[in-house]
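Heads up: the sequence shown begins at 105 in the numbering used here, then just goes up one per residue.
Read through the structure below, which is laid out as structure tokens, and then see the notes.
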Amino acid sequence: MTLVLIEHSPLEERLLEEKLGHICTRLLAGRNLRSANVVIKPHLHMAVPAAEAVNTHPLVVRAVARWCLQQGARVRIADYPVYDSVDTIARKGGYVDALADLDMELKTFLATEKVDLGPPFGTKNIAREAVRADLVINLPKLKTDTLQGLRMGVANLIGCLPPEDQISCLAETAFDRRAWADLLLAVCRKIRPALTIVDGVVALEGHGPGVAGKGRRLQLLVAGTNTYAVDKTTATLVGFDPGGLMICRRAREKGDFDGKVRASGNFSIAADFKPPPADLAAGAGQRSLREKKYFLQRPVADNRRCKLCSACWQTCPAGAIAFSTKGIRIDAGKCIRCYQCFGLCPHGAIAIKIPLAGRLKMK
Ligand code: SF4
Ligand code: SF4
105 MTLVLIEHSP LEERLLEEKL GHICTRLLAG RNLRSANVVI KPHLHMAVPA
155 AEAVNTHPLV VRAVARWCLQ QGARVRIADY PVYDSVDTIA RKGGYVDALA
205 DLDMELKTFL ATEKVDLGPP FGTKNIAREA VRADLVINLP KLKTDTLQGL
255 RMGVANLIGC LPPEDQISCL AETAFDRRAW ADLLLAVCRK IRPALTIVDG
305 VVALEGHGPG VAGKGRRLQL LVAGTNTYAV DKTTATLVGF DPGGLMICRR
355 AREKGDFDGK VRASGNFSIA ADFKPPPADL AAGAGQRSLR EKKYFLQRPV
405 ADNRRCKLCS ACWQTCPAGA IAFSTKGIRI DAGKCIRCYQ CFGLCPHGAI
455 AIKIPLAGRL KMK
């Protein structure tokens with residue numbers, strides 16, 4: 105039976121430090137952190153203010169970093185965001201201010217090493233600091249995501265791969281939701297976080313994982329030494345059936361997790377937490393080109409909002425986005441429905457829609 109702690113805290117620095125200090129003390133009891141190399145892995149999605157709730161909140165990162173420093177650890181806070189630079193996210197996202205008095209900065213991972221994830225994925229580049237750390241503390245954001253349903257602990261670790269590798273992994277697997285989940289689980293197996301704390305203090309609900317989602321003050325922190333158990337508990341707390349989430353399901357099926365959790369804390373369920381748009385494109389890889397183009401759910405650009413920032417076409421794993429001075433155009437035949445463009449567009453210029461022919465067919 106795996107222990108998962110459920111705590112509640114408002115977005116207030118002192119209270120967060122108290123709650124997170126309690127979580128770390130309890131769950132890392134027996135670990136000697138003096139001089140240990142600790143890597144804190146937040147979720148850095150994009151360069152927007154903390155109020156957008158798309159990144160792990162800077163005060164959550166600060167509280168955990170401060171606790172580790174107090175234990176005498178050597179702490180590094182790092183991530184590989186897909187598009188924006190860590191420096192820009194640090195500045196716009198409030199991390200520079202939050203970490204200033206700790207004499208600590210948010211950094212990009214410095215180097216990678218080849219890690220064998222086993223078949224069918226083979227060898228991938230993964231951040232060396234994360235692979236070799238004495239201890240990794242995983243700090244995902246609780247947020248909705250069309251591709252995965254929810255993004256939590258296991259999914260956060262894909263950020264240990266450099267951006268180009270994250271994109272190529274999506275290209276390799278995203279048409280097949282099961283393969284994508286298996287890849288995330290394989291990465292999690294290699295990183296083996298000592299502690300995962302999901303930041304749901306201000307969670308993101310609705311059309312996440314980007315700025316189209318809405319911040320929701322759940323005041324929730326879910327923590328444990330077993331990332332799968334933390335994800336399962338978190339999903340339940342926001343009204344999701346963990347068995348309906350591919351990552352949770354595959355963790356059980358592949359034997360990463362026996363499904364047994366002992367939750368400690370206030371187990372009240374936010375049943376009205378808004379889910380993401382339904383993933384009606386699962387299995388699209390097997391569909392005909394005609395179906396992909398005219399029937400299947402897909403990302404659609406609103407070129408009146410597009411600022412031609414390039415985030416979507418530079419990170420599209422399928423090369424499905426063309427641009428001109430008039431805006432962007434998405435080739436629905438090439439698109440693998442990973443929804444990366446939707447999640448990364450900073451101007452809300454991409455929506456997820458079902459074409460008219462698809463809607464009529466569904467009726
Ligand atoms: S659609 Fe969004 S992400 Fe793509 S170029 Fe336009 S503003 Fe940037
Ligand atoms: S167009 Fe968008 S959803 Fe389609 S493959 Fe590219 S990034 Fe993914």
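We treat Cβ as the ideally placed atom computed from N, Cα and C, and that holds for glycine.
Pull up the distance between the alpha-carbon of residue i and that of residue j, whole angstroms please.
i: residue 169; j: residue 144; result: 7 Å
i: residue 367; j: residue 220; result: 33 Å
i: residue 167; j: residue 160; result: 12 Å
i: residue 438; j: residue 277; result: 14 Å
i: residue 191; j: residue 211; result: 7 Å
i: residue 335; j: residue 208; result: 29 Å
i: residue 275; j: residue 119; result: 42 Å
i: residue 230; j: residue 171; result: 26 Å
i: residue 422; j: residue 440; result: 7 Å
i: residue 392; j: residue 461; result: 15 Å
i: residue 307; j: residue 247; result: 6 Å
i: residue 410; j: residue 431; result: 6 Å
i: residue 122; j: residue 349; result: 32 Å
i: residue 218; j: residue 227; result: 6 Å
i: residue 147; j: residue 390; result: 32 Å
i: residue 173; j: residue 373; result: 34 Å
i: residue 362; j: residue 289; result: 14 Å
i: residue 360; j: residue 332; result: 8 Å
i: residue 326; j: residue 130; result: 13 Å
i: residue 134; j: residue 457; result: 51 Å
i: residue 550; j: residue 396; result: Lying before the first or after the last residue shown, residue 550 is absent from the chain, which here runs from 105 to 467.
i: residue 338; j: residue 142; result: 24 Å
i: residue 412; j: residue 454; result: 12 Å
i: residue 182; j: residue 213; result: 5 Å
i: residue 164; j: residue 243; result: 8 Å
i: residue 424; j: residue 407; result: 16 Å
i: residue 429; j: residue 442; result: 25 Å
Would you mind reading off the limits of the alpha helix (DSSP H) that contains residue i?
i: residue 272; result: 267-277
i: residue 125; result: 117-131
i: residue 447; result: 444-448
i: residue 282; result: 281-295
i: residue 504; result: Any answer about residue 504 is impossible in this case: the structure gives the chain only from 105 up to 467.
i: residue 166; result: 162-174
i: residue 416; result: 415-419
i: residue 298; result: Counting along the chain, residue 298 falls outside any alpha helix (DSSP H), and DSSP gives it neither H nor E.
i: residue 336; result: 331-341
Taking DSSP's pairing of strands, which residues face residue i in a bridge?
i: residue 455; result: 404
i: residue 303; result: 245 and 325
i: residue 308; result: 247 and 319
i: residue 178; result: 141
Just curious, the beta strand (DSSP E) that residue i is in, first and last residue?
i: residue 145; result: 141-146
i: residue 137; result: Here residue 137 belongs to no beta strand (DSSP E), and DSSP marks it neither H nor E.
i: residue 468; result: Here the chain covers residues 105 to 467 and nothing more, so residue 468 does not appear.
i: residue 427; result: 425-428
i: residue 107; result: 106-112
i: residue 409; result: Run containing residue 409: none; DSSP gives neither H nor E here.
i: residue 431; result: 431-434
Taking 8 Å as the CB-CB limit, is residue i close to chain C?
i: residue 444; result: Absent here is chain C; the protein component of the structure consists of one chain.
Any chance the segment 268-284 sits against the segment 298-316, with 3 or more Cβ pairs inside 8 Å?
No, because fewer than three Cβ pairs between the segment 268-284 and the segment 298-316 fall closer than 8 Å, the two stretches do not touch.
Run through the segment 182-267 for me and flag every whole alpha helix (DSSP H) of 4 or more residues, listed as ranges in chain order.
Runs of the alpha helix (DSSP H) inside the segment 182-267: 190-196, 199-203, 232-236 and 257-260.
Tell me the start and end of each unbroken alpha helix (DSSP H) in the segment 358-406 that is at least 4 residues and wholly inside, in chain order.
Fully enclosed alpha helix (DSSP H) runs of 4 or longer: 393-398.
Taking 8 Å as the cut-off, does the segment 382-391 touch the segment 306-326 (at least 3 CB pairs, one atom from each stretch)?
With a cut-off of 8 Å, the segment 382-391 and the segment 306-326 do not count as touching, because too few Cβ pairs lie within range.
So, does the segment 356-376 touch the segment 107-116, judging by three or more C-beta pairs under 8 Å?
Contact holds: three or more Cβ-Cβ distances are below 8 Å.
How do the segment 344-364 and the segment 121-138 stand: do at least 3 beta-carbon pairs fall below 8 Å, yes or no?
No, the segment 344-364 does not touch the segment 121-138.
Validate contact between the segment 397-406 and the segment 254-267 using beta carbons, cut 8 Å, 3 pairs:
Short answer: they don't touch.
Taking 8 Å as the threshold, find out whether the segment 314-323 comes into contact with the segment 176-190 through three or more Cβ pairs.
Contact between the segment 314-323 and the segment 176-190 is absent, because fewer than three Cβ pairs lie under 8 Å.
The segment 355-364 touching the segment 217-236, judged by at least three CB pairs closer than 8 Å
Contact between the segment 355-364 and the segment 217-236 is absent, because fewer than three Cβ pairs lie under 8 Å.
Is it true that the segment 188-208 meets the segment 229-246, where meeting means three or more beta-carbon pairs spaced less than 8 Å apart?
With a cut-off of 8 Å, the segment 229-246 and the segment 188-208 do not count as touching, because too few Cβ pairs lie within range.
Below 8 Å, can you find three or more Cβ-Cβ pairs linking the segment 446-460 to the segment 283-293?
Contact annotation: the segment 446-460 does not touch the segment 283-293, with fewer than three C-beta pairs closer than 8 Å.
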